[in-house]
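Chains as they are written, first to last, in this note's numbering: chain A, 1 to 282; chain B, 283 to 892. This report concerns only the one structure given below.
This is the structure in structure tokens:
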């Protein structure tokens, strides 16, 4: 698509073998996906499905062995370290673990100013920008002088979001950004993501194992299984009428928070599994 | 030799450290051992720099008429075999000995740290080659190499110390390498890379801060060793005996040990005190660092601030819903009756921090009671308190009652619990993998409790284990029986633990977030399994979870916990359809499952034009 922000075309990621006699590990096989400006594309899958690897490939942290990641008309899958650094202002990240994604020995201001000073923003301008960023993620300005350990998980994730926003990126890769959070905190952080998108027009590649979360934030949804995208489409379509057998199984497996509806779903799931097994036999 | 500037080793290294960690130096100054060692080393540094000026007499002026003199007012430490003043010589020798040790340490630190950083951070061929060389150097007997080097390059202190520095470098290499590879994959390093920081900046900012402290400690140790080795070489007469050093003085004293034994004392004292001071300083540093590392953990546990917007509640607010048609159909007797359970942790100052504030809970035979709450609500503490498995310092406070099948467990002895845990109350943990011992096969971990508790023979126990593995849906029981935990998946491991839990025919099953670590499709299967086994064995189950989907799937009764209190309890349908407590309502509102999907871009509910 010509109006896409980033276009991932038939990407393979293969991790080199760990030690002699071991096979290299192919984490992604011919994955294609595009993201438009201001859009959220949700990426669902179970552990080991390759969804995190795809995010890391976009960030330049995973070895792309085939295919092209087209951003602004050039392939960013095979950039040198220097060229990659220049992309920092366009593509950013929010990781899952709010505890290990912030250096415990730096203050919030040092953490947030880091991407700015790396690009030569002067101290005073950077400090003003840090205050502004803290405001954007609804943290008090006096948070700047404190250390990460003084904040709860939800607050730390806000700090990580602020860091991602520091350079006004076009795309943020969100790798399970709310999985480590409590239910009520999770809802607030998701609202913050949506709110920021409306204000800034940033696009998200939103990676999660939680279908409800993905459905809530995504315009489009892609489902990954064994290193491949098995189904992709508009969020309401994919989540309401899944076509691929795996997607059907996946969506049926998630329990509904209502005892009576869940009892029904349990029966439906059994029926689906039986039908799929029968189809597999035939 | 005067070209080498000679402050004592640790001082110089420490001087770099305080950049972000002034508090470490300050803490060290409050540590009695640390401050004593530091004081001694400062003194040593001053002597090393100004020793020749301080010397009362010319250290090299021989007085053949007055050799091997005992200590006197003129010669405070006596004179040596050629009549030189021992005190003056000792003061002058400090410079050489300290400079030599410093040289070896600096070479070891620079070489080891630089290569360790590069190999650890970038990996690749440099990693392979440098690790190989480090291993080779470590395998070489240091002293023999020094002797060989002496034979080749002659009796020079400095070259010997350069060689020794190279020999000590692998210690630093390994240390830095291990620290860097541990940090390299931390998410904040990835985040820094994505933020556009150069490699040099990432190493300087994020990686050096982690390896700095261990390097300082190791450097202090290494300096001590270098002092001893340098003295050893000179003592053996392999050094340049024309130059005053502690080792050379030792050599001279040893030659005259029968004529003037006290000559041995002074250099030995200097060497011993310096080595001890350096080693103790390293220990004190490590102690202070460990203390600093331990403190935040406690803080995190106790003081983690909650996110904004929680509703604060009191014990009086418990809302209990009456039975409905579904719950009336469950007529099992009360299996577990918890009354006014309070859990507290003893603090060092004698006070008690209470984390569960008096809760009531009942589990009936043949029904599943869900205990739902967010992190820190006390739900896991409650489960552990019932099983008498609270971590150190935690205990069930006075006035609580935990009745299990007519038996009081509150305050029960270990022997009482030994008779009950596993046998009558079984437990399914959250992390299946960490609850299997990696060094034993699945089979041996399953059969051992059966043989101990039920007195089964080996073959009987094996048969029962295979039956159970089959029952919990493991496709090839014999293969899993013989497998080690790392050879099976997380879902399989959880099934194995469930098989273990029901293997001794328990009455009550306590499951703490049993599916949280599992994928959603595996979760569905494990939930199914728990439900089937519960019906089949007529178990009472206490299910701790934070997931409303899991509650809806399994539970008959639900208790909602917040901040160590149960705020609302009742049949599952009453909680979902008729929640009264504002906290329960806020939790239910936060569930996204029933929210409308966002829809395609542009057709968004209230999208603004870009």
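For each residue, glycine too, the CB sits at the ideal point set by N, CA and C.
Contact list for residue i against chain A, beta-carbon separation under 8 angstroms
| i | result |
| --- | --- |
| residue 459(B) | Those do not exist, as residue 459(B) stays about 17 angstroms from chain A at its closest Cβ, beyond 8 angstroms. |
| residue 735(B) | The premise fails here: residue 735(B) is roughly 34 angstroms from chain A at the closest Cβ pair, so nothing lies under 8 angstroms. |
| residue 401(B) | Chain A residues near residue 401(B): none, gap ~17 angstroms exceeds 8 angstroms. |
| residue 824(B) | The premise fails here: residue 824(B) is roughly 18 angstroms from chain A at the closest Cβ pair, so nothing lies under 8 angstroms. |
| residue 748(B) | Those within 8 angstroms of residue 748(B) in chain A number zero; the least Cβ separation is about 25 angstroms. |
Neighbouring residues, chain A, relative to residue i (Cβ below 9 angstroms)
| i | result |
| --- | --- |
| residue 247(B) | Since the displayed chain B opens at 283 and closes at 892, residue 247(B) lies outside it and no answer follows. |
| residue 828(B) | 182 and 183 |
| residue 607(B) | Residues of chain A passing the Cβ test: none, with the nearest at roughly 12 angstroms. |
| residue 633(B) | Neighbours of residue 633(B) on chain A: none; closest Cβ ~23 angstroms, over 9 angstroms. |
| residue 656(B) | 182, 183, 184 and 185 |
| residue 847(B) | By Cβ distance, chain A contributes nothing, its closest Cβ being about 17 angstroms from residue 847(B), past 9 angstroms. |
CA nearest to the CA of residue i, picked from the options
| i | options | result |
| --- | --- | --- |
| residue 188(A) | 871(B), 881(B) and 343(B) | 871(B) |
| residue 320(B) | 483(B), 562(B) and 647(B) | 562(B) |
| residue 614(B) | 308(B), 850(B), 819(B) and 854(B) | 819(B) |
| residue 498(B) | 531(B), 622(B) and 571(B) | 571(B) |
| residue 893(B) | 660(B), 673(B) and 542(B) | Since the first residue shown for chain B is 283 and the last is 892, residue 893(B) is missing from the structure and cannot be characterised. |
| residue 334(B) | 536(B), 640(B) and 373(B) | 373(B) |
| residue 846(B) | 661(B), 329(B), 787(B) and 853(B) | 661(B) |
| residue 712(B) | 495(B), 602(B) and 801(B) | 801(B) |
| residue 174(A) | 44(A), 26(A) and 14(A) | 44(A) |
| residue 556(B) | 449(B), 569(B) and 512(B) | 512(B) |
| residue 11(A) | 266(A), 38(A), 109(A) and 57(A) | 57(A) |
| residue 610(B) | 649(B), 883(B) and 831(B) | 649(B) |
| residue 82(A) | 476(B), 551(B), 432(B) and 606(B) | 476(B) |
Contacts that residue i makes with chain A (C-beta to C-beta distance below 7 angstroms)
| i | result |
| --- | --- |
| residue 803(B) | 46, 249, 250 and 253 |
| residue 649(B) | Result: empty, since nearest Cβ-Cβ is about 13 angstroms, beyond 7 angstroms. |
| residue 868(B) | 184 |
| residue 483(B) | 118 |
| residue 491(B) | 105 |
Check whether residue i and residue j have beta carbons under 9 angstroms apart
| i | j | result |
| --- | --- | --- |
| residue 731(B) | residue 767(B) | no |
| residue 213(A) | residue 190(A) | yes |
| residue 171(A) | residue 217(A) | no |
| residue 738(B) | residue 777(B) | no |
| residue 399(B) | residue 315(B) | no |
| residue 420(B) | residue 452(B) | yes |
| residue 428(B) | residue 445(B) | yes |
| residue 473(B) | residue 93(A) | yes |
| residue 850(B) | residue 866(B) | yes |
| residue 621(B) | residue 852(B) | no |
| residue 370(B) | residue 340(B) | yes |
| residue 325(B) | residue 114(A) | no |
| residue 538(B) | residue 547(B) | no |
| residue 794(B) | residue 702(B) | no |
| residue 822(B) | residue 647(B) | yes |
| residue 79(A) | residue 54(A) | no |
| residue 533(B) | residue 519(B) | yes |
| residue 228(A) | residue 252(A) | no |
Proximal chain B residues relative to residue i, where beta-carbon distance stays under 7 angstroms
| i | result |
| --- | --- |
| residue 259(A) | 834, 854, 855 and 858 |
| residue 103(A) | 470 and 488 |
| residue 228(A) | Within 7 angstroms Cβ-Cβ: nothing; residue 228(A) doesn't reach chain B, min ~17 angstroms. |
| residue 92(A) | 476 |
| residue 79(A) | Within chain B, no residue comes near residue 79(A); the closest Cβ sits about 12 angstroms away, beyond 7 angstroms. |
Contacts of residue i in chain B (Cβ-Cβ under 8 angstroms)
| i | result |
| --- | --- |
| residue 262(A) | 831, 834 and 835 |
| residue 115(A) | 477, 478 and 479 |
| residue 95(A) | 469, 472 and 473 |
| residue 268(A) | Within 8 angstroms Cβ-Cβ: nothing; residue 268(A) doesn't reach chain B, min ~12 angstroms. |
Closer than 9 angstroms at the beta carbon, the chain B residues around residue i
| i | result |
| --- | --- |
| residue 215(A) | 874, 875, 877, 878, 879 and 880 |
TODO: Starting from the N-terminal side, write out each stretch of the alpha helix (DSSP H) that is 4 residues or longer and does not extend beyond the region 82-144 of chain A.
DONE: Within the region 82-144 of chain A, the complete alpha helix (DSSP H) runs of at least 4 residues are 108-118 and 123-136.
Open item on the list: At 4 residues or longer, what runs of the alpha helix (DSSP H) sit wholly inside the region 30-86 of chain A?
Closed with: The qualifying runs are 51-59 and 81-86.
TODO: Kindly confirm or deny that the region 75-94 of chain A and the region 129-138 of chain A touch, where touching means at least three C-beta pairs closer than 8 angstroms.
DONE: In the pairwise beta carbon analysis, the region 75-94 of chain A is classified as not touching the region 129-138 of chain A: fewer than three pairs are separated by under 8 angstroms.
Task: Whole runs of the alpha helix (DSSP H) within the region 293-363 of chain B, excluding any shorter than 4 residues - done: The qualifying runs are 300-312 and 314-336.
TODO: Scan the region 842-889 of chain B and note each continuous alpha helix (DSSP H) run of 4 residues or more that stays entirely inside, going in chain order.
DONE: Fully enclosed alpha helix (DSSP H) runs of 4 or longer: 854-859 and 864-872.
Task: the region 142-149 of chain A / the region 832-852 of chain B touching (three or more Cβ pairs under 8 angstroms) - done: The region 142-149 of chain A, when compared against the region 832-852 of chain B, does not touch it at the 8 angstroms Cβ threshold.
Task: Complete runs of the alpha helix (DSSP H) confined to the region 394-467 of chain B [at least 4 residues] - done: Correct list: 406-421, 424-435 and 439-466.
Task: Every unbroken beta strand (DSSP E) inside the region 160-192 of chain A [3 residues or more] - done: When DSSP assignments are scanned along the region 160-192 of chain A, the uninterrupted stretches of beta strand (DSSP E) that are 3 or more residues long and fall wholly within it turn out to be 171-175.
Open item on the list: Would the region 779-799 of chain B count as touching the region 746-763 of chain B if we require 3 or more Cβ pairs under 8 angstroms?
Closed with: Look at the beta carbons and you see the region 779-799 of chain B touching the region 746-763 of chain B: at least three pairs across the two are nearer than 8 angstroms.
Task: Inter-stretch contact (C-beta, 8 angstroms, three-pair minimum) for the region 220-239 of chain A and the region 193-200 of chain A - done: Fewer than three beta-carbon pairs drawn from the region 220-239 of chain A and the region 193-200 of chain A are found closer than 8 angstroms, and the two stretches are therefore not classed as touching.
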